[in-house]
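J.: In this text, residue positions in the sequence shown follow my numbering: the first is 88, and each later residue adds one. Cβ atoms here follow ideal geometry from the backbone N, Cα and C, with glycine treated the same way.
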Amino acid sequence: MELDRLERRLLADIGRVSKAHHLFDPGDRILVAVSGGKDSFGLLWLLRRLAERLPFDVSLVAVHLEQGHPGFPIDVLRDWLASEGFEHRIVSVDTYSIVKSKVPEGHTMCSLCSRLRRGILYNAALEMGLNKIALGHHKDDAIETLMLNLLYAGRIKAMPARLRSDDGRNVVIRPLLGVDESDLARYAELRGFPVIPCDLCGSQEDLQRKAVKRMIAEWTKANRHVRGNLFAALGHLVPSHLLDPQFAGDASGRDASVP
Ligand code: SF4
Numbered sequence: 088m089e090l091d092r093l094e095r096r097l098l099a100d101i102g103r104v105s106k107a108h109h110l111f112d113p114g115d116r117i118l119v120a121v122s123g124g125k126d127s128f129g130l131l132w133l134l135r136r137l138a139e140r141l142p143f144d145v146s147l148v149a150v151h152l153e154q155g156h157p158g159f160p161i162d163v164l165r166d167w168l169a170s171e172g173f174e175h176r177i178v179s180v181d182t183y184s185i186v187k188s189k190v191p192e193g194h195t196m197c198s199l200c201s202r203l204r205r206g207i208l209y210n211a212a213l214e215m216g217l218n219k220i221a222l223g224h225h226k227d228d229a230i231e232t233l234m235l236n237l238l239y240a241g242r243i244k245a246m247p248a249r250l251r252s253d254d255g256r257n258v259v260i261r262p263l264l265g266v267d268e269s270d271l272a273r274y275a276e277l278r279g280f281p282v283i284p285c286d287l288c289g290s291q292e293d294l295q296r297k298a299v300k301r302m303i304a305e306w307t308k309a310n311r312h313v314r315g316n317l318f319a320a321l322g323h324l325v326p327s328h329l330l331d332p333q334f335a336g337d338a339s340g341r342d343a344s345v346p
């Protein structure tokens, strides 16, 4: 059956990333960030499946940040979480008004919105005694972020699978980093998740991200391995062949720049 096959593949993808980056530890209490989008529903459902298979106990708490968007159908989400038996909390903070007042009309609000959301989730995890925060970023998010940083910010950077926050208080994990977005979309359809679009705020789309998505799609038409190669590149750095002075010199300590 398609759903079973897809779920097995998704769990295998998660298993690979989780093994390589040591995402889970015995006794973890994990805040699973659930926005209402397809990725976060998939994350929550798949982590529950994974938790059943791990050789040690971990527990999950689904947390939704209610941001004050007019018309957000919070009851749909709350009812679904309750009916599916997920331990959950709804945290209400009106970031919508803050973002609206700070970002000029016609500009994308997503980056400020995401920063605020992250800070609130960090604090919520601490208050609830949860030691990790799971986010639903997937493989396409990682390669788009890599390309955005390369093309628009002049740095080689994507997103880590496991990261301790700057202040050292939280550990953020991204179990879906090895998962294709198209698989998550299909999984959400097959499972019938009540997906809520993330555009109720009326934010303009991020034009740079849109452009990068288009580029990757174009390149993929010419070479179907492009996405896979971009993702593989994130795990195969050759720092000695870059120009960052902190990696100057080869492993033996000689100056690699001298022939
Ligand atoms: S679309 Fe709206 S709710 Fe979603 S991240 Fe952007 S600003 Fe925030």
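Output the distance between the C-alpha atoms of R278 and L137, rounded to the nearest integer angstrom.
T.: Rounded to the nearest angstrom, the two C-alpha atoms are 16 angstroms apart.
J.: Would you say Q295 touches ligand 1, meaning its beta carbon is less than 8 angstroms from a heavy atom?
T.: no
J.: Could you give the first and the last residue of the continuous alpha helix (DSSP H) run that contains I260?
T.: Unbroken run through I260 is the beta strand (DSSP E), V258 to I260; no alpha helix (DSSP H).
J.: How about V119 and V148: do their beta carbons lie closer than 9 angstroms?
T.: yes
J.: Closest by CA to L141, which one among D227, G158, S127 and L110?
T.: L110
J.: Distance, Cα to Cα, L131 vs W167?
T.: W167 has its alpha-carbon roughly 12 angstroms from the corresponding atom of L131.
J.: List, from N- to C-terminal side, the alpha helix (DSSP H) runs of 4 residues or more that fit wholly inside the stretch 191-226.
T.: Runs of the alpha helix (DSSP H) lying entirely within the stretch 191-226 and spanning at least 4 residues, in chain order: 197-215.
J.: Would DSSP call S122 helix, strand or coil?
T.: Here S122 sits in coil by DSSP.
J.: Could you work out which residue in L217, M215 and L222 is closest to R205 when comparing CA atoms only?
T.: The residue with the shortest Cα to Cα distance from R205 is L222.
J.: Under a Cβ-count criterion, where at least 16 other Cβ atoms within 10 Å of its own Cβ denotes burial, should S344 be classed as buried or exposed?
T.: Its pLDDT being 49, under 50, S344 is placed unreliably in this model, and the coordinates cannot settle the point.
J.: Could you tell me the alpha carbon to alpha carbon distance between Y183 and E214, rounded to whole angstroms?
T.: 23 angstroms
J.: Kindly provide the chain-ordered list of residues whose Cβ lies closer than 5 angstroms to any non-hydrogen atom of ligand 1.
T.: M196, C197, C200, C285, C288 and S290
J.: Counting C-beta neighbours from all protein chains within 10 Å, is the total for K219 16 or more, i.e. buried, or is it exposed?
T.: buried
J.: If you check the beta carbons only, do L152 and S179 fall under 9 angstroms apart?
T.: yes
J.: Where does R296 fall in DSSP's three states?
T.: helix
J.: Just to confirm, is the Cβ distance from F318 to I230 under 9 angstroms?
T.: yes
J.: Can you give me the start and stop residues for the alpha helix (DSSP H) that V283 sits inside?
T.: The sequence given here places Ile at residue 283; Val does not occur at that position. I283 -> no alpha helix (DSSP H), and no H or E assigned at all.
J.: Under three-state DSSP, which class holds R242?
T.: coil
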